[in-house]
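Notes follow the structure.
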Amino acid sequence: MAEDAATADVTSGVPAGVGTLGELGRRAEQGDWSALDELRICLDRYPHFWRQAGDLGWHAEMAIVRLVAGGDPLVGEALRRKLDELRGELLGPTATPLERLLVDRVLLAWAQCHAADLDAAARGQGTGPAAAFATRRQDSANRRYLAAIRELAQVRLLLRRAGPLPAGLRAVG
24 MAEDAATADV
34 TSGVPAGVGT
44 LGELGRRAEQ
54 GDWSALDELR
64 ICLDRYPHFW
74 RQAGDLGWHA
84 EMAIVRLVAG
94 GDPLVGEALR
104 RKLDELRGEL
114 LGPTATPLER
124 LLVDRVLLAW
134 AQCHAADLDA
144 AARGQGTGPA
154 AAFATRRQDS
164 ANRRYLAAIR
174 ELAQVRLLLR
184 RAGPLPAGLR
194 AVG
């Protein structure tokens, strides 16, 4: 399982005494400006850390995974794998950067939609304010999910109509 970017150990090849990114972050928060410089050096050397730590979509996905999993590591890992599987299916081998952003949005909306369904099911078929809120939440999540799917489909249709893309807009990797 991947470590959280803020606490991952990156001591291999990092200047002596640096420790972890989390440690550098804590030192920088306490006003140690040299720690901020060291943190920048580490992030330059290990770009995969800043890419993941700076990926707000990933953080949102993981927050929903933690919420739904409720502390159950099996459920959490299964949800992460399901999201990765769906991402691979939706992206395919030639996704553009725009498609990647939209696929992330579809996956986040998918997770939110199902989390709202689970919450509503857990509340039962009540008639009080909590049940009404759960139903509104379900409806709202479903609208966002369908809107994200529509946007992805629309962009893909437009990309097919546009033909070959300039080099800067093609899939990377």
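Using the working numbering, you'd call the opening residue of the sequence shown number 24 and step up by one each time.
Idealized CB from N, CA, C, for every residue including glycine.
Spatial neighbours of residue i within its chain, please: CB distance less than 6 Å, with the 5 preceding and 5 following residues excluded, ordered by chain position.
{"i": "residue 39", "result": "With a pLDDT of only 48 at residue 39, under the threshold of 50, the placement of this residue in the model should not be trusted, and no figure is reported."}
{"i": "residue 50", "result": "58"}
{"i": "residue 139", "result": "160, 161, 164"}
{"i": "residue 83", "result": "131"}
{"i": "residue 149", "result": "none"}
Quick one: give me the first and last residue of the alpha helix (DSSP H) that residue i is part of.
{"i": "residue 168", "result": "152–185"}
{"i": "residue 120", "result": "120–146"}
CB-CB under 8 Å to residue i, same chain, minus the five flanking residues each way: which ones, in chain order?
{"i": "residue 123", "result": "114"}
{"i": "residue 136", "result": "161, 164, 165, 167, 168"}
{"i": "residue 174", "result": "125, 128"}
Please look up how many angstroms separate the CB atoms of residue i and residue j, rounded, as I've assumed it's under 8 Å.
{"i": "residue 66", "j": "residue 73", "result": "4 Å"}
{"i": "residue 119", "j": "residue 79", "result": "Incorrect: roughly 20 Å between the Cβ atoms, too far for contact."}
{"i": "residue 171", "j": "residue 128", "result": "5 Å"}
Looking only at its chain, what residues have a beta carbon closer than 7 Å to the beta carbon of residue i, apart from the 5 residues adjacent to it on each side?
{"i": "residue 185", "result": "none"}
{"i": "residue 81", "result": "75"}
{"i": "residue 24", "result": "Reliability of the predicted coordinates at residue 24 is poor, the pLDDT of 40 falling under 50, and no value is obtained from them."}
{"i": "residue 110", "result": "126, 130"}
The segment 101–119 touching the segment 139–158, judged by at least three CB pairs closer than 8 Å: no
Is the segment 157–167 in contact with the segment 118–135, if contact means three or more CB pairs nearer than 8 Å? yes
Touch test, the segment 84–94 against the segment 40–58, Cβ-Cβ under 8 Å, three pairs minimum: no
What residue ranges within the segment 44–95 form continuous alpha helix (DSSP H) runs of no fewer than 4 residues, ordered along the chain? 44–52, 56–68, 70–76, 79–92
Does the pairing of the segment 173–181 with the segment 139–146 give three or more beta-carbon distances under 8 Å? no
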